[in-house]
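Asker:
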Amino acid sequence: MKKLAIFLLACLPLIAWPALAGDHVDSSNYVEIGVRGSDASKDHNQVSEYSESSTKINGMLKLRTMDTKGDLKYRLDLALFSNEDLKMKLVINKGNWFTSTTTYNKFLHKLGHDSLSNMSWREAADQAGTIPAHKELTSVDYTPGEEFYKTYEDFRQVFDIKLNTSIPSDIQVGFRAQARNGYHQMMQLSHCDTCHVQTKGAKLDENAYDVWAKVHAKVNKFDVSYKYTYSKFNNGADQTSFYIDRPRHPANGGAIDEFASRTLYGGEVLPTGFNNDNKKSTHEVHVEGTVGDKDRIVAGASYSDLTNYFTDLDLTTSTGSFRWSHKCRTNLVMDAFLSYYTMDNDDIFIDIPAWRDGRPGGGQPLSWTRYSAYNRDVSYVKLRAIYKMDGNNRFTFSYRYKQTDRDNTVVNIEDGSTDTTSSLFKVRWDGRYGDLRTNLMASFESIDHPFENALGINEDPANAYVPFPGNGLIYYLQRQVIGEASNMPSQDMNVRGNLSYRFSDKASFNMYASFRNGENNELNTYTMNLTGRTAGTSLFYVLDDKTVLTIGYDYSFNKQEAVFSVPVMDG
Amino acid sequence: MHYGSATDLTTNYSTVNSYFFTLDSRPFQNIAVSFKTAINNSRMDFDPLTNWVGPMDQIGKLDFAGYSEVNTYSDLHSDSYEFDLNLNFIINDNLSVLAEANYQNFDDHQPYVYGDTTGRWFYGKLSLRYIF
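Going down the list, the protein sequences come from chains R and U. Each residue of the first sequence is one higher than the one before, counting from 235 in this note's numbering. Each residue of the second sequence is one higher than the one before, counting from 41 in this note's numbering.
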């Protein structure tokens, strides 16, 4: 047991630190009362992102109390550090049939402040940049120096009750409430005359609730359960608004009617950036059990319906999965895994005025139906074999085929495909030689049409656009964009290894390394290459009966190509 | 007039080095000490945009040489280190005095949109624990 503990500590060296610090109170009732304080210099948003940093002394309280009276027992763990940093867990058991678990957690998160100081630019009328021209980018911060933050709260109450029925069964009823409160930064971009970015603070008051009921029964060798969850999101913050600049010519400030006819709004105060209220219902069924001595089956299905109260849009998701494991021989296990889900989001009609309505050559209709990029069917099948060659060596082979069939999002210009398919091959070796543990994994994935920003970059250089039929003024509403860009590979190779060695009961050593190489050669603009490397090592050493030392190092490096695309135009 | 797009391929790099060291000791029967330190160096940048391809010469006023500095706008480079010391003085089987000191430093060598986020943070705690 001691050897196992040392090995685990070597793998997770940071465990060692609280282990001794916590010393002998793990199974005791205690109360801890004290004072605490902090101080920060210069900027404190990074160095203490999740901690308070006010220069003052606060009291603190930690408490653990547990007791048993007959078949009733309870345990309370409480840590109160401040009004914005507290944690609580209370567990009550009655016999072996009733458990109540209550938890509450609250902490602070500092968000930083973007002063928009980099948002300043002006066009030059000469190549030397000495003569200022008219087009410019300006910015204004209406709440300069304001501290932005949020507090996160998470409360859960779960009741587990075993039923006195002929077959083993139990129910679970739970409630969870999460809240985010504080003050965050909101931005608005006006592009109606020139580029004008505005920012100011806004109140944050968001609440999410989940309530669920779950029934579980053990039928013969199968565990069967059904769970229903109702979720709700509520935004209690006041709507934040910005003044949207009046549309006009960027150089001379004129042509107001012309520029207004090209925009939907301007010269008015309008709301912005609001998370709408929504609700969600989820049904889940789960079956798990053994068939005979050699087979095990796990199956699940779910259906959820998410409704946005403001837009009245529905997003439904259905999932299904099945896994079958078969023990072919004492040293060979094979399993098959099937998974499928489908998402269906309502279409929405974007009803907007015609472009340049009432202007010469204008009136082109712009209203359109937005088909959701969520809509898709995703399925995959995975086959795996685990072969234990002898007491020292085990091999795992797996193959996974995955298909993502999108309804509306094109991911390849050449054939107009909306599908992504991939084949993943993986092999792993686990070795165990005395006090040495090691494993090596290699995988290769070939992806047809990985997700990309199709038609996302590079304007069509052809100048031969012709006027709309019967229209001598308008040649096009938007230039054709013809380039593909992506940060996803079409071929992805990974190798990863790990080695642990226990020198003695007092010392152990661990090291790991990984390498990744991928490329996307499907794009019509460039070949994207990526490379990744990680490595690390840790050493655990018991100097004597009183001192434990842990030391470690981790390294990671990633390299990836991307393309910059700049439209070249004048006028 | 539109002439198409000019493009330049660049490479983005990110590197993270992390070191940690912990020492847990009970030098005396009634004193337990824990010392922890963590050091981190992170940086991210991408190559300058100096190999443009496309119709750059179509418009005399366009200054593509100016893009050679774009990569420096979003460089990220920071060093951080943390020291944490915990002391537990055990008075008797029921009573202990605990003390904790934590110091963290963050050096922002390449300030970005949130400005220079260089900062230091100190935290201290002194408490009495009673086991019942």
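Note that beta-carbon positions come from the ideal geometry of N, C-alpha and C, so glycine has one too.
Which first and last residues belong to the beta strand (DSSP E) in which threonine 112 (chain U) is found?
Answerer: Taking the second sequence and counting its residues from 1, one reaches residue 112 (chain U) at position 72. Taken as a continuous stretch (DSSP letters only), threonine 112 (chain U) belongs to no beta strand (DSSP E), being part of the alpha helix (DSSP H) at 110 to 113.
Asker: Interface residues of chain U around aspartate 273 (chain R) at Cβ under 7 Å?
Answerer: In the first sequence, residue 273 (chain R) corresponds to position 39, counting from 1. Correct list: Phe162.
Asker: Can you pull the chain R residues whose beta carbon is under 8 Å from the beta carbon of glutamine 98 (chain U), in chain order?
Answerer: The residue given as residue 98 (chain U) occupies position 58 in the second sequence. The answer, in chain order, is Val802.
Asker: Going by the DSSP bridge assignment, what does aspartate 788 (chain R) pair with across the sheet?
Answerer: Numbered from 1 along the first sequence, position 554 holds the residue referred to as residue 788 (chain R). According to DSSP, which records beta bridges pairwise, aspartate 788 (chain R) is partnered with R:Gly770, U:Ser58.
Asker: Along chain R, in chain order, which residues have C-beta atoms closer than 7 Å to that of alanine 232 (chain U)?
Answerer: No information on residue 232 (chain U) is available, as it lies outside the stretch 41 to 172 that chain U covers here.
Asker: What residue range is occupied by the uninterrupted alpha helix (DSSP H) comprising glutamate 492 (chain R)?
Answerer: Position 258 of the first sequence, counted from the start, is the residue given in the question as residue 492 (chain R). From DSSP, the alpha helix (DSSP H) with glutamate 492 (chain R) extends over 490 to 494.
Asker: Can you name the residues of chain R whose CB is closer than 8 Å to the CB of methionine 144 (chain U)?
Answerer: Locating residue 144 (chain U) in the second sequence gives position 104, where the first residue counts as 1. It should be noted that the sequence gives glutamine, not methionine, for residue 144 (chain U). Correct list: Val281, Ser282.
Asker: Just verifying my parser: in three-state terms, what is the DSSP assignment at alanine 141 (chain U)?
Answerer: Along the second sequence, read from residue 1 onward, the residue named residue 141 (chain U) stands at position 101. Reduced to three states, the DSSP call for alanine 141 (chain U) is strand.
Asker: Using a C-beta to C-beta distance shorter than 8 Å, which residues of chain U count as neighbours of glycine 268 (chain R)?
Answerer: Walking along the first sequence from the start, residue 268 (chain R) turns up at place 34. Within chain U, the residues near glycine 268 (chain R) are Leu138, Lys165, Leu166, Ser167, Leu168.
Asker: Express the C-alpha separation of aspartate 527 (chain R) and phenylalanine 571 (chain R) in angstroms, rounding to a whole number.
Answerer: By 1-based counting over the first sequence, the position of residue 571 (chain R) is 337. By 1-based counting over the first sequence, the position of residue 527 (chain R) is 293. Spanning the two alpha carbons is a distance of roughly 19 Å.
Asker: Please report how far the alpha carbon of lysine 340 (chain R) lies from the alpha carbon of serine 536 (chain R), in whole angstroms.
Answerer: As a working note, residue 340 (chain R) is residue 106 in the first sequence. As a working note, residue 536 (chain R) is residue 302 in the first sequence. Each residue's alpha carbon lies about 31 Å from the other.
Asker: Can tyrosine 789 (chain R) and asparagine 81 (chain U) be called in contact, C-beta distance under 7 Å?
Answerer: Numbered from its first residue, the first sequence carries residue 789 (chain R) at position 555. Numbered from its first residue, the second sequence carries residue 81 (chain U) at position 41. No. Outside cutoff.
Asker: What distance in whole Å lies between the Cβ atoms of glutamate 518 (chain R) and lysine 434 (chain R), which are believed to be in contact at a cut-off of 8 Å?
Answerer: Position 200 of the first sequence, counted from the first residue, corresponds to residue 434 (chain R). Position 284 of the first sequence, counted from the first residue, corresponds to residue 518 (chain R). In fact, because the Cβ distance is near 42 Å, the residues do not count as touching under 8 Å.
Asker: Please list, in chain order, the residues of the stretch 66 to 84 of chain U that have any C-beta partner in chain R closer than 8 Å.
Answerer: Under the 8 Å Cβ criterion, the stretch 66 to 84 of chain U contributes Arg66, Pro67, Ala72, Ser74, Lys76.
Asker: Expressed to the nearest angstrom, what Euclidean distance is found between the alpha-carbon atoms of isoleucine 405 (chain R) and glutamine 419 (chain R)?
Answerer: As a working note, residue 405 (chain R) is residue 171 in the first sequence. As a working note, residue 419 (chain R) is residue 185 in the first sequence. So the two alpha carbons sit approximately 44 Å from each other.
Asker: Write down the C-beta distance between alanine 471 (chain R) and lysine 437 (chain R) rounded to the nearest angstrom, noting that I regard them as a contact closer than 8 Å.
Answerer: The residue labelled residue 471 (chain R) in the question sits at position 237 within the first sequence. The residue labelled residue 437 (chain R) in the question sits at position 203 within the first sequence. Correct: roughly 5 Å between the Cβ atoms.
Asker: Rank R:Tyr383, R:Asn687, R:Ser261, R:Leu689 by C-alpha distance to the C-alpha of asparagine 279 (chain R) and give the top, closest one.
Answerer: Position 45 of the first sequence, counting from 1, holds the residue named residue 279 (chain R). When each option's Cα is compared against that of asparagine 279 (chain R), the closest is R:Tyr383.
Asker: Closer than 7 Å, CB to CB, is valine 56 (chain U) near chain R or not?
Answerer: Locating residue 56 (chain U) in the second sequence gives position 16, where the first residue counts as 1. Valine 56 (chain U) counts as touching chain R.
Asker: Does DSSP put proline 252 (chain R) in a helix, in a strand, or in coil?
Answerer: Here residue 252 (chain R) corresponds to residue number 18 of the first sequence, with the count starting at 1. Unreliable positioning characterises proline 252 (chain R) in this predicted model, as indicated by a pLDDT of 39, which lies under 50. The coordinate reading is nonetheless provided below. Helix, per DSSP.
Asker: Are there three or more Cβ pairs, one per stretch, closer than 8 Å when the stretch 374 to 381 of chain R is compared with the stretch 315 to 326 of chain R?
Answerer: Because the criterion of three Cβ pairs below 8 Å is not met, the stretch 374 to 381 of chain R and the stretch 315 to 326 of chain R do not touch.
Asker: For tyrosine 59 (chain U), return the contacting residues in chain R, with the cut-off set at a CB-CB distance below 9 Å.
Answerer: Stepping through the second sequence from its first residue, residue 59 (chain U) is reached at position 19. The contacting residues are Ile785, Gly786, Tyr787, Asp788.
Asker: Using a beta-carbon distance below 7 Å, is serine 262 (chain R) in contact with chain U?
Answerer: If you number the first sequence from 1, residue 262 (chain R) lands on position 28. Closer than 7 Å: yes.
Asker: Determine whether the beta carbon atoms of valine 612 (chain R) and threonine 654 (chain R) lie at a separation below 7 Å.
Answerer: To locate residue 612 (chain R), count along the first sequence from 1; it is residue 378. To locate residue 654 (chain R), count along the first sequence from 1; it is residue 420. Their beta carbons are not under 7 Å apart, which means valine 612 (chain R) does not touch threonine 654 (chain R) by this criterion.
Asker: Going by the beta-carbon positions, is the gap between serine 799 (chain R) and threonine 47 (chain U) smaller than 7 Å?
Answerer: Counted from its first residue, the first sequence places residue 799 (chain R) at position 565. Counted from its first residue, the second sequence places residue 47 (chain U) at position 7. Yes, they are a contact pair.
Asker: Taking 7 Å as the CB-CB cut-off, is valine 153 (chain U) touching chain R?
Answerer: Translated into positions along the second sequence, residue 153 (chain U) becomes position 113. By this cut-off, valine 153 (chain U) is an interface position.
Asker: Under 7 Å between the Cβ atoms of asparagine 692 (chain R) and isoleucine 716 (chain R)?
Answerer: Mapped onto the first sequence, residue 692 (chain R) falls at position 458. Mapped onto the first sequence, residue 716 (chain R) falls at position 482. Yes.
Asker: Flag tyrosine 760 (chain R) as yes if its beta-carbon sits less than 7 Å from any beta-carbon of chain U, otherwise no.
Answerer: Translated into the one-based positions of the first sequence, residue 760 (chain R) becomes position 526. By this cut-off, tyrosine 760 (chain R) is an interface position.
Asker: Given this structure, state the Cα-to-Cα distance separating serine 403 (chain R) from tyrosine 170 (chain U), to the nearest angstrom.
Answerer: The residue you call residue 403 (chain R) lines up with position 169 of the first sequence. The residue you call residue 170 (chain U) lines up with position 130 of the second sequence. In a straight line, the C-alpha of serine 403 (chain R) is about 42 Å away from that of tyrosine 170 (chain U).
Asker: Taking C-beta pairs closer than 9 Å, name the residues in chain U that threonine 545 (chain R) reaches, listed in chain order.
Answerer: As a working note, residue 545 (chain R) is residue 311 in the first sequence. Ordered by position in chain U, no residue passes the 9 Å Cβ test against threonine 545 (chain R), which lies about 31 Å from the chain.
Asker: Given a limit of 9 Å on CB to CB distance, which residues of the stretch 686 to 706 of chain R reach chain A?
Answerer: In summary, chain A is missing from the structure at hand, where the protein chains are R and U.
Asker: Any C-beta of chain U within less than 9 Å: which residues of the stretch 447 to 473 of chain R qualify?
Answerer: Listed by position along the chain: nothing, the set is empty.
Asker: Does any CB atom of chain R fall closer than 7 Å to the CB of leucine 127 (chain U)?
Answerer: For this step, residue 127 (chain U) is matched to residue 87 along the second sequence. With 7 Å as the cut-off, leucine 127 (chain U) does not count as an interface residue toward chain R.
Asker: Looking only at its own chain, which residues have a Cβ that is under 6 Å from the Cβ of arginine 618 (chain R), when we skip the five neighbours before and after it?
Answerer: Here the question's residue 618 (chain R) lines up with position 384 in the first sequence. Result list for arginine 618 (chain R): Asp569, Ser632, in chain order.
Asker: Using 10 angstroms around the beta-carbon of histidine 683 (chain R), count the other beta-carbons present and answer buried if the total reaches 16, otherwise exposed.
Answerer: Within the first sequence, the letter at position 449 stands for residue 683 (chain R). It counts as buried.
Asker: Hey, does proline 88 (chain U) have any beta-carbon neighbour from chain R nearer than 7 Å?
Answerer: For the purposes of this step, residue 88 (chain U) is identified with residue 48 of the second sequence, where counting begins at 1. No, no contact with chain R.
Asker: Taking all protein chains shown into account, do 16 or more other C-beta atoms lie within 10 angstroms of the C-beta of proline 67 (chain U), making it buried, or fewer, making it exposed?
Answerer: The sequence position of residue 67 (chain U) within the second sequence is 27, counting from 1. So proline 67 (chain U) ends up on the exposed side.
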